[in-house]
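K.L.:
Residue numbers (this note's numbering): 13 to 192.
Have a look at this one.
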């Protein structure tokens with residue numbers, strides 16, 4: 013989520029650096045978590061449940077800060093531009109940038125054009141993605157209801173070949189016996 017937000021709010025000349033910083037902080041966090049777990053296992057008795065609670069509890073701190081920070085951030089200008097809410101997108105960019113430079117208007121114009129071009133390209137070249145709409149999701153819901161919630165594996169009449177294919181592909185018997 014963080015690299016997406018950074019890429020959508022940042023000016024073009026900073027997006028690559030912010031993506032690299034995200035990767036750097038991610039790798040640093042993984043390294044730090046390793047050392048915290050090592051310190052907890054070395055410094056706390058293995059009979060104590062605190063040995064696993066310390067590393068797990070410390071993981072909630074950055075996640076909680078990120079969650080609280082997400083509540084304070086405005087909607088993405090790109091998302092607002094895709095929904096044709098250009099004035100709100102402009103205000104969102106102004107909120108982040110803090111000034112009314114011409115660069116903000118240019119970025120909003122670029123994102124509006126990019127959103128329209130992306131939508132047109134997606135519908136022309138990938139029409140199968142048009143099936144993911146609310147009406148089709150409702151139909152799938154009713155299909156699941158009509159099949160009484162059975163999984164595809166349980167519907168052997170239609171999908172019977174799924175069970176018979178692995179039997180012909182393996183030379184090993186089910187009981188773990190010798191190969192023949």
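Backbone N, C-alpha and C define an ideal beta-carbon position, used for all residues, glycine too.
Are the region 42-54 and the region 62-75 in contact at 8 Å, needing three or more beta carbon pairs?
P.N.:
yes
K.L.:
Could you check the C-alpha separation between residue 121 and residue 40 for me, to the nearest Å?
P.N.:
36 Å
K.L.:
Is DSSP giving residue 77 helix, strand or coil here?
P.N.:
Residue 77: helix per DSSP, three-state reduction.
K.L.:
Closer than 8 Å by C-beta to residue 22: which residues in its own chain qualify, once you throw out the five before and the five after it? Chain order, please.
P.N.:
The residues are 30.
K.L.:
Quick one: Cα of residue 84 to Cα of residue 103, how far?
P.N.:
15 Å
K.L.:
Out of curiosity, what's the CA-to-CA distance linking residue 72 and residue 15?
P.N.:
20 Å
K.L.:
Just to confirm, is the Cβ distance from residue 89 to residue 105 under 7 Å?
P.N.:
Their beta carbons are under 7 Å apart, which means residue 89 touches residue 105 by this criterion.
K.L.:
Please state whether DSSP places residue 17 in a helix, a strand or coil.
P.N.:
helix
K.L.:
Shortest alpha-carbon distance to residue 17 belongs to which of 81, 44, 36 and 61?
P.N.:
81
K.L.:
Quick check: what's the CA-CA separation for residue 36 versus residue 42?
P.N.:
Take the alpha-carbon of residue 36 and the one of residue 42: they are about 10 Å apart.
K.L.:
Reducing DSSP to helix, strand and coil, say where residue 68 ends up.
P.N.:
helix
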